[in-house]
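**Student:** Quick one: structure below, then a few questions.
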Amino acid sequence: MSDPRITSSIFTRGAVDLSALRSPAPSSAPAPAQAGPPAGAPGGAVGGVTVIDVTEATFQSEVLERSLTTPVVVDFWAEWCEPCKQLSPVLERLAVEGGGAWVLAKVDVDANPRLAQMFRVQGIPMVYAVVGGQPVDAFSGVVPEQQLRQWIQAVLKAGGVAVAAPEDPRLNEADDALMSGDLDAAEQAYRKILAETPADAAAEAGLAQVGLARRVAGTDPQAALTAAATAPDDVDAQLLAADIEVLSGLAEQAYQRLVGLVRRTAGDDREKVRQHLVGLFSIAGPEDPAVASARRALASALF
416 MSDPRITSSI FTRGAVDLSA LRSPAPSSAP APAQAGPPAG APGGAVGGVT
466 VIDVTEATFQ SEVLERSLTT PVVVDFWAEW CEPCKQLSPV LERLAVEGGG
516 AWVLAKVDVD ANPRLAQMFR VQGIPMVYAV VGGQPVDAFS GVVPEQQLRQ
566 WIQAVLKAGG VAVAAPEDPR LNEADDALMS GDLDAAEQAY RKILAETPAD
616 AAAEAGLAQV GLARRVAGTD PQAALTAAAT APDDVDAQLL AADIEVLSGL
666 AEQAYQRLVG LVRRTAGDDR EKVRQHLVGL FSIAGPEDPA VASARRALAS
716 ALF
């Protein structure tokens, strides 16, 4: 399936008609079937207000009204649904982890067929995000946990909730390998993240750090800097000196060194220096003021 994310969709254009839920059902209508905990009660094993079971009778208060202040993720499920048994526990765990930043509302489609019909649920698991009293996005089927985390972050952003980005255990594992000096394991871990999440800035930075660590391994820093000072047009000497400066906390100085070298070189040498400099930029990230300034200087040197 495609990445779940907040989009301008049929849900935001009013294709899901929830008007019937905003007023009591006619007295002649049969009471909806109910299973499990009482309507609106906290989810059994999870507890608290992060996970709740809802029915048609409680949907207005527990989902629509609650979503005016707190984003609500609605999980349509059934006891017989095997994929639901994979997705629902992950949703419940993430809801508890969220600490009340959002609420997971679980809807048993067998007990609440009218709700499923209103939300045009054609297959389960089906998950909706409700913000400000309206559905804003949805996805069906089982998605990987990391992808699910990203979707939830987008839901929170849509709801105006300011939350810190959760730690990525994959990055923690890769960073630990880098810090321990196991460069092969670190590279493998960062590349795996990039294969799963292309353009992940943290993984790109980590991979650049692996390359930097390999290039300076076994080098005498002072000797390398002295060699660069005596041979200003020696490309390899200048690249190594820039690496050492970055590791020494002198990244801005390293950038200036290589921008100057770009101005003095041409052809393959110039491209080699440019690529090396761009690799160093990725370690700090595009939001670093020194990187932004050096990028402008590089563009001026090139054009």
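FYI, in the working numbering the residues of the sequence shown are 416 to 718. Cβ coordinates follow ideal geometry from the N, Cα and C atoms, glycine included. Keep in mind that this is a model prediction, so the values were computed, not measured.
Taking A516 and L571 to be in contact with their CB atoms under 8 Å, please state how far apart those CB atoms are, rounded to whole angstroms.
**Tutor:** Between L571 and A516 the Cβ distance is about 6 Å, and since that is below 8 Å, they are a contact.
**Student:** Have a look at A657 and F696 and give me their C-alpha separation to the nearest angstrom.
**Tutor:** Distance between the alpha carbons of A657 and F696: 12 Å.
**Student:** Using the three-state DSSP reduction, which class does Q475 fall into: helix, strand or coil?
**Tutor:** Helix.
**Student:** DSSP puts D468 in a beta bridge; with which residues?
**Tutor:** Looking at the DSSP assignment, D468 forms a beta bridge with K521.
**Student:** Indicate whether L654 and V688 have their beta-carbon atoms separated by less than 8 Å.
**Tutor:** Contact flag set, yes.
**Student:** Which one or two residues does DSSP pair with A555 in a beta bridge?
**Tutor:** Reading off the sequence shown, one finds Ser at residue 555, where the question assumed Ala. Answer is M541, bridged to S555.
**Student:** May I have the straight-line CA-CA distance separating A601 from D615, to the nearest angstrom?
**Tutor:** When rounded, the distance between both Cα atoms is 15 Å.
**Student:** Per DSSP, V489 is paired with what?
**Tutor:** In the DSSP output, where bridge partners are listed per residue, V489 has A520, Y543.
**Student:** Identify whether P584 lies in helix, strand or coil by the three-state DSSP scheme.
**Tutor:** P584: helix per DSSP, three-state reduction.
**Student:** With the cut-off set at 8 Å, would you say P540 and L502 are in Cβ contact?
**Tutor:** Contact: yes.
**Student:** Please list, in chain order, all residues of the same chain as A573 whose beta carbon is under 8 Å from its beta carbon, the five residues on each side excluded.
**Tutor:** Closer than 8 Å at the Cβ level, and outside the excluded window around A573, lie I421, P486, A544, V546, V551, D552.
**Student:** When the distance is taken between beta carbons, is A589 closer than 8 Å to A610?
**Tutor:** Not in contact: A610 and A589 (Cβ atoms no closer than 8 Å).
**Student:** Nearest-angstrom Cα distance between E494 and A617?
**Tutor:** Cα-Cα distance, rounded: 39 Å.
**Student:** Quick check: A526 and V518, are their CB atoms within less than 8 Å of each other?
**Tutor:** No, the pair does not count as a contact, with Cβ atoms beyond the cut-off.
**Student:** Report the three-state DSSP secondary structure of P528 (helix, strand or coil).
**Tutor:** Helix.
**Student:** Bridge partners of P550, per DSSP?
**Tutor:** DSSP output for P550 lists V545 as bridge partner(s).
**Student:** Let me confirm a value: K521 is counted as buried when at least 16 other C-beta atoms fall within 10 Å, else exposed. Which label applies?
**Tutor:** Buried, since its Cβ has 16 or more Cβ neighbours within 10 Å.
**Student:** May I ask you to report which of helix, strand or coil DSSP gives W566?
**Tutor:** Note: W566 maps to helix in three-state DSSP.
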